[in-house]
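Structure, as structure tokens:
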Amino acid sequence: MNKVFDVVIIGAGPVGIAASAHAKSNGLTPLVLEKGSSVGSAINEWGHVRLFTKWSYVIDKEVEKILNKHGWEKPCFDAIPTGRELLDQYLIPAASSKDLSQHISYNAEVIAIAKEGHSKHTTHDRDKMNFVIHYKDAEQDVHILSTKAVIDASGTWSSPNPIGRDGLPVPGEIKNSDSIEYGIPDVLKKDRELYQGKTTLLIGGGHSAMNVGLNLIELQDSSPDTKVYWGLRGENLDKLLGGGLNDKVPARRKLGLAAQSAIDSGKLTLLPELTVKRISAVEKSLKVEITSNGCNSHIYVDKVIVATGFRPNTQMLSEIRLNLDEVVEAPRGIASMVDPNAHQCGSVPGHGAKELAHVDNNFYIAGMKSYGRAPSFLMLHGYEQIRSIVAKLVGDEKAANEMRLTFPDFANEKQHCSL
Ligand SMILES: Cc1cc2nc3c(=O)[nH]c(=O)nc-3n(C[C@H](O)[C@H](O)[C@H](O)COP(=O)(O)OP(=O)(O)OC[C@H]3O[C@@H](n4cnc5c(N)ncnc54)[C@H](O)[C@@H]3O)c2cc1C
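Converting from the sequence shown to my numbering requires adding 2 to each position, the first position being numbered 1.
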């Protein structure tokens with residue numbers, strides 16, 4: 003008979019790794035399937051970016067116990083790491099430890115999940131059936147394995163929002179995708195050649211866009227012919243640029259001052275209330291037809307960077323009976339807590355297995371993906387989700403229902419909550 007895992011965890015990001023540590027310490031045999039070739043593959047793509055919370059807010063307690071057993075050289079908990087430091091000083095040592103390494107498979111991309119022998123509409127004996135996980139390896143060969151429970155911690159990094167304000171790609175966006183980057187390209191180092199001396203349209207006003215914006219402005223210092231258009235979907239420029247010298251948050255003060263000086267010297271053009279209507283290739287440039295501040299015009303650029311957030315990919319879950327809110331695409335039990343229309347980052351109450359439950363028992367979405375389209379996820383919340391879910395899986399209802407998340411002071415982080 004084929005082996006049946008206690009729990010399969012999808013994704014070896016910080017939340018997936020925390021899930022494997024909690025599962026192990028509760029006597030379960032976990033298997034983590036990670037599509038990348040190493041731990042934290044999504045974070046690796048934004049390794050050059052500094053987080054907005056300090057070390058003490060990004061470390062899971064069970065993972066810390068494992069690291070301590072193996073003589074971990076603790077970082078200074080009050081410092082704020084970059085994504086790269088989070089990998090090198092936390093996730094890589096944890097994932098390569100004797101305790102966890104045997105439970106992680108890399109180059110294993112989950113493509114579908116179902117109930118054994120039961121498609122979505124089949125109800126008879128459904129709760130008794132194990133889950134089947136279909137995943138493909140580096141050679142694109144598909145494998146199937148069975149498990150009693152699933153924690154989907156696959157994040158949202160691979161499904162960025164498109165350019166359209168209506169949530170859809172604008173005409174020409176897909177056709178010209180070679181010149182369009184999503185997320186946070188490393189414009190100062192790895193991707194420098196693509197941006198220096200070029201004209202770039204950056205779209206977005208959250209933490210990710212601010213990072214790219216600051217870096218593009220810095221790039222202009224050594225390469226003055228680098229031009230930047232910065233398109234904001236909102237009208238409130240103060241929100242992005244802060245109060246310049248008066249802004250209490252250092253990163254925003256820095257951005258505000260740098261942006262103002264770039265605007266004054268004509269190297270940066272802000273496009274408030276931006277709507278992109280069409281993108282077309284004209285010779286070696288992109289012609290971008292826009293409305294900004296209610297006026298129609300067009301600009302020519304070499305590259306477009308889209309930093310307008312992410313959404314969950316639920317395609318691989320199409321055979322699972324979910325309980326997702328139709329607006330936020332988060333589990334219904336937390337949707338109203340995380341809905342960006344109604345709350346600020348840091349104000350999400352602790353929550354666990356009960357709030358994250360779906361119609362199919364023993365299936366959970368945790369981590370960044372559990373917040374659906376809401377941009378405000380914090381690792382601390384993910385670790386508490388995992389503690390509660392694993393307690394529920396081992397039948398410890400009391401621990402599953404307890405809330406152990408202690409709220410740090412997020413006063414400064416609130417400003418950076420929109421990715
Ligand atoms: C720039 C940036 C800065 C951030 N700063 C902070 C911060 O300061 N503090 C904070 O608390 N949070 C921060 N966050 C938010 C969040 O905590 C992080 O995104 C965190 O990495 C989320 O962890 P995760 O494990 O849920 O997802 P991820 O880190 O995205 O990990 C998901 C993993 O799943 C893998 N995967 C995806 N699909 C599949 C599949 N089909 N099969 C197998 N594997 C798959 C991916 O390769 C990836 O390794 C930040 C996010 C960004 C983007």
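Beta carbons are placed, not taken as given, at the ideal position from N, Cα and C, and that holds for glycine.
Please look up how many angstroms separate the CB atoms of Gln-317 and Gly-354, rounded, as I've assumed it's under 8 Å. Incorrect: roughly 26 Å between the Cβ atoms, too far for contact.
Of all the alpha helix (DSSP H) runs that stay within the bounds of the stretch 55-112, which reach a length of 4 or more residues? 63-71, 85-88, 94-97, 100-103
What does the alpha-carbon distance come out to for the pair Ala-25 and Val-9? C-alpha separation (whole angstroms): 8 Å.
So which of Val-278, Thr-310, Ala-283, Ala-393 has the shortest CA-CA distance to Ser-299? Val-278 is the residue among Val-278, Thr-310, Ala-283, Ala-393 whose C-alpha sits nearest the C-alpha of Ser-299.
Round the Cβ separation of Ile-336 and Glu-357 to the nearest angstrom and send it over; I've been treating them as touching at under 8 Å. 5 Å
According to DSSP, simplified to helix, strand and coil, what is Ile-135? strand
Answer with buried or exposed for Phe-7, where buried requires no fewer than 16 other C-beta atoms within 10 angstroms of its C-beta. buried
Would you kindly check if the distance between the Cβ of Lys-289 and the Cβ of Tyr-302 is under 7 Å? The Cβ atoms of Tyr-302 and Lys-289 lie closer than 7 Å to each other.
Check whether the Cβ of Ile-12 sits closer than 6 Å to any heavy atom of ligand 1, and report yes or no. yes
Name the one or two DSSP bridge partners that Lys-229 has. Lys-229 is bridged by DSSP to Thr-201.
Would the stretch 138-153 count as touching the stretch 101-118 if we require 3 or more Cβ pairs under 8 Å? yes
With a cut-off of 8 Å, do at least 3 Cβ pairs link the stretch 83-93 to the stretch 395-409? no
Rounded to whole angstroms, what is the Cα-Cα separation between Leu-247 and Gln-262? The predicted position of Leu-247 is uncertain, since its pLDDT is 47 and thus under 50; a value taken from the coordinates is nonetheless stated next. The alpha-carbon atoms of Leu-247 and Gln-262 are separated by roughly 11 Å.
In chain order, which beta strand (DSSP E) runs of at least 3 residues are fully inside the stretch 123-191? 133-138, 144-154, 182-184
According to DSSP, is Trp-279 part of a helix, a strand, or is it coil? Residue identity differs from the one stated: residue 279 is Lys in this sequence, not Trp. Of the three classes helix, strand and coil, the one that applies to Lys-279 here is strand, per DSSP.
Can you find a heavy atom of ligand 1 that lies under 6 Å from the Cβ of Val-392? no
Tell me whether Lys-343 sits in a helix, a strand or coil according to DSSP, three-state version. Note on residue identity: the sequence assigns Asn, not Lys, to residue 343. Residue state, collapsed to three classes: coil.
On the three-state DSSP scale, how would you describe Pro-16? Pro-16 falls in the helix class under three-state DSSP.
Neighbourhood of Arg-375 by C-beta distance below 6 Å, restricted to the same chain and skipping five residues each side: Taken in chain order, the residues that qualify are Arg-313, Val-330, Glu-331.
Buried versus exposed, by CB contacts within 10 Å (16 or more), Tyr-381: Per the sequence presented here, residue 381 reads as Met, with Tyr not at that position. Classification of Met-381: buried, given that the 10 Å Cβ count is 16 or more.
Relative to the C-alpha of Val-350, which residue among His-383, Arg-323, Phe-365, Asn-325 is closest? His-383
Determine which residues share a DSSP beta bridge with Leu-272 and list them. According to the DSSP secondary-structure assignment, Leu-272 is paired through a beta bridge with Trp-232.
Bridge partner(s) assigned by DSSP for Thr-408: According to DSSP, Thr-408 bridges with nothing at all.
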